[in-house]
Amino acid sequence: MAYTIEQIAQALGATAFGATDITVESVAEPAVAATDQLALAMKPEYAEQLSQGQARAAMLWEGADWKALGLEAAIISPRPRFALSGLSAMMDPGQGWATGIHPSAVIAEDAELGENVSVGPLAVIGAGAVIGAGTVIGPQCFVGAGTSIGQGGFLREGVRIGARVRIGDRFVAQPGAVIGGDGFSFVTPEVSGVERARQTLGDQGDVQKQSYARIHSLGSVWIGDDAEVGCNACIDRGTVRDTRIGNGTKLDNLVQVGHNVVVGNDTLLCGQVGIGGSTVIGNNVVLAGQTGVGDNLFIGDNAITGGGTKVLANIPAGRVMLGYPAMKMDSQMEVYKGLRRLKRLFADVAELKKTVSNTVQSD
Amino acid sequence: MAYTIEQIAQALGATAFGATDITVESVAEPAVAATDQLALAMKPEYAEQLSQGQARAAMLWEGADWKALGLEAAIISPRPRFALSGLSAMMDPGQGWATGIHPSAVIAEDAELGENVSVGPLAVIGAGAVIGAGTVIGPQCFVGAGTSIGQGGFLREGVRIGARVRIGDRFVAQPGAVIGGDGFSFVTPEVSGVERARQTLGDQGDVQKQSYARIHSLGSVWIGDDAEVGCNACIDRGTVRDTRIGNGTKLDNLVQVGHNVVVGNDTLLCGQVGIGGSTVIGNNVVLAGQTGVGDNLFIGDNAITGGGTKVLANIPAGRVMLGYPAMKMDSQMEVYKGLRRLKRLFADVAELKKTVSNTVQSD
Amino acid sequence: MAYTIEQIAQALGATAFGATDITVESVAEPAVAATDQLALAMKPEYAEQLSQGQARAAMLWEGADWKALGLEAAIISPRPRFALSGLSAMMDPGQGWATGIHPSAVIAEDAELGENVSVGPLAVIGAGAVIGAGTVIGPQCFVGAGTSIGQGGFLREGVRIGARVRIGDRFVAQPGAVIGGDGFSFVTPEVSGVERARQTLGDQGDVQKQSYARIHSLGSVWIGDDAEVGCNACIDRGTVRDTRIGNGTKLDNLVQVGHNVVVGNDTLLCGQVGIGGSTVIGNNVVLAGQTGVGDNLFIGDNAITGGGTKVLANIPAGRVMLGYPAMKMDSQMEVYKGLRRLKRLFADVAELKKTVSNTVQSD
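Residue numbers (our numbering), protein chains in the order written: chain A, 58 to 420; chain B, 58 to 420; chain C, 58 to 420.
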């Protein structure tokens, strides 16, 4: 798919300079760009690489002198990273899948498929499932009984969605994502050691050998519009009501969302984040990679965690947190500095003790 | 499936009150329960929500005054969370799958399927596999050559079980679970930096560029009765003998169990827990979400860890542990308090040094 | 498959002793070995177990007195763990899959399959894919359009590889591995709270409700020769260029590699390791289980991390690191010791303050 520099700039709401009728077929990093590629050099530090490549045109940072960079044409956007979103959508070559319903797919007779739905080879669609117009169910996907998926969705290969899940429009799911597994919910006949240790913060009392009985998940999963779920990520069913993921919320690979969790709108859960059962997470939250959140907690709107943060208590709205246990990021940084000087502190105190002891004795 | 309040109470060994011939079709949270639903209000804090919903009957906490709550009938159990287990099993609508062997499944001629085994669409069952009576092999599952699964099991969609795995009765596996992947076991021709760093606790000596040779996993996996494995969780094969998971042990989503690991009975491994190779974990242990356990360690019976705990050394039986590195929970809590006061401590010591220095000089 | 002790020793470059014409059919741990099994007792601590088993022959540690151990034959290797690699390859019974192309596989007409390629039941191979000679595509695998896999590869059941991925020779992938999911890359129209918090190290300023736009991944994934990817592990596509995994590099189960990441040669990423986007990792690196590495970082050759390490800054070549945040292992050990004595330190300082205060007053 070839576009002129002019067409691209218009689509992105950016400004085109120079020979704007040059056409490009794809994008590339500046050092390896060919003559028919648009080089992406959206920060000044990429300037030097431009001279190593063959690009005639580039997307540049605001204020860049495209002529001095040896280019024939340029696109400049005030927020180039945002422009990249539109550009990448234009240039995406996709997965190369055929459209239509593959004859090897196993589709229940009473499933309802909207207009222009595609179903890939060896996919399974269960009884009473409803798939909205234009949605693509990829190869080897599974859609459970009574599940509904909105319009314009895209399920990559091997996505698995259990029964009675409800998902909004423009849903994206990466390979191997699982939605609607049973919650991890077990109970012992008598009060367990964990229940006691939670109450006492550490003392489980006299322990007793007990086996677990299973609490079945009767709820399902509800997901809003414009959500995305990463590779091999998991969202469990609720116990009585549905587990909920809000509009515009994105889950990265290998994220775990426990039963009954409620995640708000426009929230990002990065790679390998885990959310314990019944926790509530607000809107516009960002939890960085490997963040863990205990069960039955509350995280307010706009909260942010740094990578690896372990959240053992509620987080108010707007807080930026880091560490294990999670503290405000600036306090945690102070702690980290302190830890690096801890050996010195022990030495200082030992020295002081000696000095003071001598001083007191010599008095 | 409709039940009277009387029938439910009898099945749960609980007590029914009021108009016990009222029938309910499903359960709901109190605030949204309809007239044909049983409201679940098993703690006093749910009392208020009952008045917002339409339920005529509810499951309540011990000592609740059901009449004052405006109900026509009630079920009261001394341990309502345990009663919920039985109730949820009665009310579970299931996944809505057809029974029997789907014609699209690929089943080896010499596989042995017990009475009333169901095999879903596009599942694969390998040579010599043995499936016990009443077990359900879900859509798109894979069961390897020579693998046996006991009676009454339930494998959700897309579960993958390798060759020669032996699994007991009433096994439950969630979508995407993998049992019998190869162990992560590689060796360099000469002693490696990691081997040296382990011996010296940090010094790997002169490092040398080496490639790895693969140690094949010759063992398989053995799983007892009543075990459950979560979505996209992984249990690796043993090197020489089998990796072992005991009776009644439950693994949550995205849990990783390395090669040669032995897990005892009635143990819970919560979401994203990881167990390094050859580690031995006792009975009735609970490892909370994102706990990590190093390789070749030992965790005693009834041990408990808090969320995110990183276990770098053996844990004796009955211990409640927290943090990175794992300490007894109460000691770790003390450490956390100390960290919060660390800045103040540095200031105190600096002040002391000044005072003592002045005092000594003025002597 | 039966081998004589002589044959095994020759294949491994080890030395055979005693009745080297004894044949063995498989290997076993010493305590449970039968007469037709080779016992593995490669450390002196296994000596005692030998007497419990029935083995006539064993693989022993250097210097072992095989006659005194009651054996009829023995194999001794200077580095027995390395010898185990060759031995395990000889003795591996494999997955028991049929060779050839299963009729239920869905293979694009223009896909190119080399000599002796096997494709398992219900696998899907996309348009223009190229599979090298002798490679096995397991049951229910997916290979995307335009993807190439080299010679002698082995893909276990349910592996998923997206479009345009390029993989070298002798590739091994465990069940459920996903290669070529889309990168987790989203951008807000205006500068976001996370972008501000990164600049200020904790202060996100005035937050503003914004939704995310998706940055499509236009790159794919490149993997060298002799690489291995674990169960349910994930490697994301690059944004513009390919994500890269070097020759001889091995990823364990549930590992997450973000978009644009570059991993060098002969590097091990152990279970549940996560690597943030655009990070560069050198050659011969070992990241232990649950290690997390932030985005846009650099880890030098031969670096090693301990289990659970959270890497928030670059690591120079050859460093051995531990903890959260990552420090040099010996410094971190000092910190851990300090934390255990922290309560005592607070008490000492409190005592000192009292003493000094009294001393100063009494002056």
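Where a beta carbon is used, it is the ideal one built from N, C-alpha and C, also for glycine.
C-beta contact flag for residue i and residue j at 8 angstroms
| i | j | result |
| --- | --- | --- |
| residue 349(B) | residue 359(B) | no |
| residue 205(A) | residue 178(A) | no |
| residue 85(A) | residue 91(A) | yes |
| residue 80(C) | residue 59(C) | yes |
| residue 128(B) | residue 140(B) | no |
| residue 183(B) | residue 230(B) | no |
| residue 199(A) | residue 213(A) | no |
| residue 316(C) | residue 336(C) | no |
| residue 227(B) | residue 240(B) | no |
| residue 188(C) | residue 171(C) | yes |
Helix, strand or coil at residue i according to DSSP, with G and I counted as helix
| i | result |
| --- | --- |
| residue 69(B) | helix |
| residue 293(C) | strand |
| residue 416(A) | helix |
| residue 84(C) | strand |
| residue 271(A) | strand |
| residue 247(A) | coil |
| residue 403(A) | helix |
| residue 367(B) | strand |
| residue 89(C) | helix |
| residue 129(A) | coil |
| residue 56(B) | Coverage of chain B is limited to positions 58 through 420, which leaves residue 56(B) absent and any answer about it impossible. |
| residue 311(B) | coil |
Start-to-end residues for the beta strand (DSSP E) that takes in residue i
| i | result |
| --- | --- |
| residue 255(A) | Here residue 255(A) belongs to no beta strand (DSSP E); instead the alpha helix (DSSP H) covers 250-257. |
| residue 383(C) | Here residue 383(C) belongs to no beta strand (DSSP E), and DSSP marks it neither H nor E. |
| residue 117(B) | 114-117 |
| residue 300(C) | 300-302 |
| residue 237(A) | 235-238 |
Residue-level contact to chain C via CB, residue i, 8 angstroms cutoff
| i | result |
| --- | --- |
| residue 208(A) | no |
| residue 288(A) | yes |
| residue 295(A) | no |
| residue 136(B) | no |
| residue 48(B) | The structure shown has nothing for residue 48(B), since chain B only spans 58 to 420. |
| residue 390(A) | yes |
| residue 159(B) | no |
| residue 90(B) | no |
Limits of the unbroken alpha helix (DSSP H) element including residue i
| i | result |
| --- | --- |
| residue 389(C) | 386-397 |
| residue 94(A) | Note, residue 94(A): premise wrong, no alpha helix (DSSP H); beta strand (DSSP E) at 94-98. |
| residue 148(A) | 137-148 |
| residue 107(A) | 104-109 |
Interface flag, residue i vs chain A, CB-CB below 8 angstroms
| i | result |
| --- | --- |
| residue 316(C) | no |
| residue 217(B) | no |
| residue 189(B) | no |
| residue 355(C) | no |
| residue 347(B) | yes |
Residues that residue i bridges to, as DSSP identifies them
| i | result |
| --- | --- |
| residue 230(B) | 212(B), 286(B) |
| residue 63(A) | DSSP output for residue 63(A) lists no bridge partner at all. |
| residue 279(A) | 223(A), 301(A) |
| residue 175(C) | 193(C) |
| residue 199(C) | 181(C), 217(C) |
| residue 378(A) | 362(A), 385(A) |
| residue 326(B) | 308(B), 344(B) |
| residue 170(A) | 188(A) |
Below-8 angstroms beta-carbon distance, residue i vs any chain B residue
| i | result |
| --- | --- |
| residue 327(C) | yes |
| residue 148(C) | yes |
| residue 251(A) | yes |
| residue 195(A) | no |
| residue 381(C) | yes |
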